[in-house]
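Numbering (our numbering), first residue to last: 452 to 1252.
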């Protein structure tokens, strides 16, 4: 009897609640006749986001918004930004039968969505992407939304959110800052994707342009660096829409336009339960101000400073010399020699720049080469410059500029080439800085002849080589892109011989697989490093040509700079900038010299190598796989900044290529990934593996190959993995550092290094993720067992040395 009364009471209670409270919604969805009141929330199915009412900071006003469902309420969308609620009495969010979301206060509508068509059974759902959507509950098509909050952002761009214009609906998705941190009403700053001419992003303060990013180049917006997610731009007759997809779903990121006008990328730190800013746009340097140097002027940042200075592009002069001397650069620059369209103008390449404002551009996506682009531009007197439309594909077409070139700056990462129309006689003049010595072979025909001579030399030497070599140390000839004229100076053999004191032993810096390297001093005082192809080298002219054509296309502060080349008689040489501190291995593994590498220097070297690799894999014209990344190929400048060198064995990928296979493995054992050393498969993840080995070597001061301790026979990777599992990673640190290191940075570096050397390529992070993990205090995934985690006979290794 007691159980019967108990069950009857519960049944009546449930029935009573259903009768008097039909407005309660399911966890992530509300339908017609359901609603949400102040104090109630809607939670996305995966628990990532909440929708409800909130008061920002110390404000007493109430707003309907969406925020991350974690310990810190971080609002990403606000409905009633301009109409705050001053009390919470009678506040209701409901779904009306036509399909509108309606926010009302005592039956007075405060805010409402608008749908283009009516349905009988609408429902609203909060998705785990943070998107609040209204759909027809009777329609099974998941993406058939009547309305979505992603079309009407506030101040935040979430992964998968579209940023741009839908021509079909006429809706533009853009972000507007809050007025203050306690007032979400629209502030002074907006960020738009402008499709005029060719898509680029503008940051405006009211109607004034503050900053510009772009134009889109197939991989990113020109001049933009540090993109942590996979960027994509959809362009067709229906829309121009930019989206980002998370590379690693475990890393929570977002873009937020804060009240002071900075567009910041935030990342969630699980360990500290807080947000950190991983990148900032515009950065603190003054060159990010729009059109700071006027037409045809280029803005640069002085070394170790955020102070900007303007200079005219090479072969341009100030429009007003007096104003320019006073530091008033607004009038910009003009050509030193006027154009003569009918007189045979030429196009000169300007490298390492953020492309100019593209609102005056036109596009031809049917052109299949740069030479064809030049021909088309030369036929149109209003076309004053052109560039490659898509840096991922050489046959993607060209972007043509008409009118003055404005808002140019030099950039260390993400810079591109722009081919500017000049008077024909300017092609024979000397540049202000970049070109010191240009000989008669600097024409296209000259370069073609050089390639031909190199090919003949290669064929001749190939016949002389022993075809029965047992060691597979050379790869097949690399069919890298030779492209158009590189604008690289050709050095006479007599000039190089004089600079190196007739290639004396006193000037010899060392010798690698390519051949000897000599230090030289040119007549103008510049120090150079001369890399000579040795007749006994396992590498040959094909590797020289490969390095010449690849490195000439690359511009990054963490890549060694190629100054020119010399192919004369029997000599084949590449001329590089001189690195005073030589290669990393000569310092790192020397018990005395390694003391020069304190922890701060080592951590900077790790980060510099990572950024250089990121440029090769993602930000350069072509996807470059180095294939021989090791400590001896990391050069150090006077400030111990690292520069990746030796691209003789590198491979370039185009389009969507990500992996290739070779019959003969090249590179250095100890740095090779398992899939490459065993099966000849290489990809960007092969370089990631080599980078991971380098990180562990830099932290420990020990080589991976030949490493051993008395208490076990593990290699360096196995030793680091064992310490990691025991929670004693700090024991890997080089003894020469003593206690002078940042424990968090050391442990993080080792952890990242172990993630990079995991056995399977898919488990290894991309270099963009590596750079992000090194630069931010975020939670890292657990590392799995490394490749080549083996015990071996150390005595056999010693005998084999």
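No residue lacks a Cβ here, since even glycine has one placed at the ideal position from N, Cα and C.
Note that the structure is predicted; figures quoted are calculated from it, not measured.
In the DSSP assignment, what are the bridge partners of residue i?
| i | result |
| --- | --- |
| residue 587 | 573 |
| residue 805 | 860 |
| residue 983 | 1024 |
| residue 1054 | Looking at the DSSP assignment, residue 1054 forms no beta bridge with any residue, so it has no partner. |
| residue 634 | 631 |
| residue 1181 | Residue 1181 pairs with nothing; no bridge assigned. |
| residue 763 | 748 |
| residue 1082 | DSSP, once it has assigned bridges, lists no residue as partnering residue 1082. |
| residue 681 | 696 |
| residue 1094 | 1086 |
| residue 731 | 715 |
| residue 598 | 585 |
| residue 504 | 515 |
Where does residue i fall in DSSP's three states?
| i | result |
| --- | --- |
| residue 959 | strand |
| residue 616 | strand |
| residue 889 | No answer about residue 889 holds up, because its pLDDT of 42 lies below 50 and its placement is not dependable. |
| residue 1134 | strand |
| residue 1171 | helix |
| residue 812 | strand |
| residue 771 | coil |
| residue 1153 | coil |
| residue 927 | Unreliable placement is indicated for residue 927, whose pLDDT of 32 sits below 50; the coordinate value is still reported in the next sentence. The answer is coil: DSSP assigns residue 927 none of H, G, I, E or B. |
| residue 1102 | strand |
| residue 521 | coil |
| residue 592 | coil |
| residue 660 | strand |
So, at 7 Å on beta carbons, what are the nonlocal neighbours of residue i in its own chain, with the 5 sequence-adjacent residues on each side left out?
| i | result |
| --- | --- |
| residue 498 | 520 |
| residue 1045 | 1038, 1039, 1152, 1185, 1187 |
| residue 486 | 474, 543, 544, 545 |
| residue 788 | 874, 876, 877 |
| residue 741 | 660, 661, 662, 663, 858 |
Measuring straight from C-alpha to C-alpha, what distance separates residue i and residue j?
| i | j | result |
| --- | --- | --- |
| residue 841 | residue 671 | 10 Å |
| residue 1236 | residue 1202 | 12 Å |
| residue 716 | residue 728 | 6 Å |
| residue 1016 | residue 1097 | 14 Å |
| residue 1075 | residue 1158 | 30 Å |
| residue 811 | residue 1168 | 54 Å |
| residue 554 | residue 696 | 31 Å |
| residue 738 | residue 661 | 11 Å |
| residue 675 | residue 582 | 26 Å |
| residue 640 | residue 608 | 15 Å |
| residue 567 | residue 721 | 41 Å |
| residue 1136 | residue 563 | 49 Å |
| residue 1065 | residue 573 | 46 Å |
| residue 524 | residue 515 | 13 Å |
| residue 1125 | residue 1239 | 7 Å |
| residue 1081 | residue 850 | 38 Å |
| residue 1101 | residue 998 | 7 Å |
| residue 882 | residue 647 | Caution is warranted here: a pLDDT of 43 is assigned to residue 882, below 50, making its placement in the model unreliable, and the coordinate value is therefore given only provisionally. C-alpha separation (whole angstroms): 33 Å. |
| residue 624 | residue 726 | 25 Å |
| residue 1149 | residue 1217 | 20 Å |
| residue 1229 | residue 838 | 38 Å |
| residue 782 | residue 559 | 55 Å |
| residue 1192 | residue 1053 | 10 Å |
| residue 1147 | residue 1171 | 8 Å |
| residue 1226 | residue 863 | 18 Å |
| residue 407 | residue 946 | In the structure as shown, the chain starts at 452 and stops at 1252, and residue 407 therefore has no counterpart that could be examined. |
If I measure Cβ to Cβ from residue i and keep anything under 6 Å in the same chain, skipping five residues before and after, which residues do I get?
| i | result |
| --- | --- |
| residue 605 | 528, 529 |
| residue 1143 | 1204, 1207, 1208 |
| residue 785 | 770 |
| residue 984 | 966, 995, 1023 |
| residue 780 | 744, 745, 748, 761 |
| residue 627 | 637, 641 |
| residue 503 | 492 |
| residue 1084 | 1096, 1097 |
| residue 570 | 550, 587 |
Is residue i close to chain D, meaning its C-beta is less than 9 Å from at least one C-beta of that chain?
| i | result |
| --- | --- |
| residue 499 | In the structure shown, chain D does not exist; there is a single protein chain. |
With a CB to CB cut of under 8 Å and the five nearest residues on each side skipped, what residues in its chain are close to residue i?
| i | result |
| --- | --- |
| residue 599 | 582, 583, 584, 585 |
| residue 1231 | 1199, 1202, 1203, 1206, 1224 |
**Study point:** Whole runs of the alpha helix (DSSP H) within the stretch 818-881, excluding any shorter than 4 residues
**Key:** 821-829
Check your understanding: Which full runs of the alpha helix (DSSP H) of 4+ residues lie inside the stretch 1200-1245, going along the chain?
Key -> Within the stretch 1200-1245, the runs of alpha helix (DSSP H) at least 4 residues long that lie entirely inside it are, in chain order, 1218-1226.
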